[in-house]
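A short write-up of the structure that comes next.
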Amino acid sequence: MPHIHISFTPNLPAQDNLETFALNLHHAISPVVASGVENFKSYILPLNRIVFGSNDKEKALLRIDIRMYAGRSDEVKQQVAEIIINEAKKLFTDASCTTPTEISVEVRDIEKENSHSALIND
104 MPHIHISFTP NLPAQDNLET FALNLHHAIS PVVASGVENF KSYILPLNRI VFGSNDKEKA
164 LLRIDIRMYA GRSDEVKQQV AEIIINEAKK LFTDASCTTP TEISVEVRDI EKENSHSALI
224 ND
């Protein structure tokens, strides 16, 4: 049940490709974390306002937070972070993508005993 939060600034190049990016992450990460693709959920959230350092308005940000049930090793988490960074870099291979962009990834645990959900009207 990995949850991926993808946040981005309004000036991020390749915004139109973020849904495909999310689906690619589901498929690339699934075998590494031993969770079926159908269990992944991605949330794509625009950041309307962000302040960098001393107000650098040119830089774009792509922030990816992934949360998974606890119990995976640090090596697995590192591998997940590397997959995300590599997939994110593919978004910017077009020569027209010249905006300085920061890609940031955080891999976190979800404590299963503190996570609850319900499916209704199924």
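Using my numbering, you'd call the opening residue of the sequence shown number 104 and step up by one each time.
Beta carbons are placed, not taken as given, at the ideal position from N, Cα and C, and that holds for glycine.
Among the candidates the options, whose CA atom is the shortest distance from the CA of residue i?
i    : options                : result
R175 : T204, I186, V135       : V135
V210 : H219, S218, I169, V179 : I169
I132 : E214, R152, M171       : M171
L150 : D159, A163, F143, K192 : A163
Provide the residue span of the beta strand (DSSP E) that contains residue i, from first to last.
i    : result
H129 : Segment 121 to 136 is the alpha helix (DSSP H) holding H129; no beta strand (DSSP E) there.
I223 : Here I223 belongs to no beta strand (DSSP E), and DSSP marks it neither H nor E.
I153 : Looking at the DSSP string, I153 is not in any beta strand (DSSP E), and its letter there is neither H nor E.
Taking 6 Å as the limit between beta carbons, can you name the residues of its chain near residue i, skipping five residues before and five after?
i    : result
I187 : I167, V208
Strictly under 8 Å for the Cβ-Cβ distance: is residue i near chain B by that measure?
i    : result
L128 : Given the protein chain composition of this structure (a single chain), no chain B is represented.
Using a Cβ-Cβ cutoff of less than 7 Å, which residues in the same chain neighbour residue i once the five nearest sequence positions on both sides are dropped?
i    : result
N127 : E190
Going by DSSP, which residues form a beta bridge with residue i?
i    : result
F111 : P149, L165
Extract the residue ranges of the beta strand (DSSP E) inside the region 159 to 216, only unbroken runs of 3 or more that lie entirely within it. 163 to 172, 204 to 213
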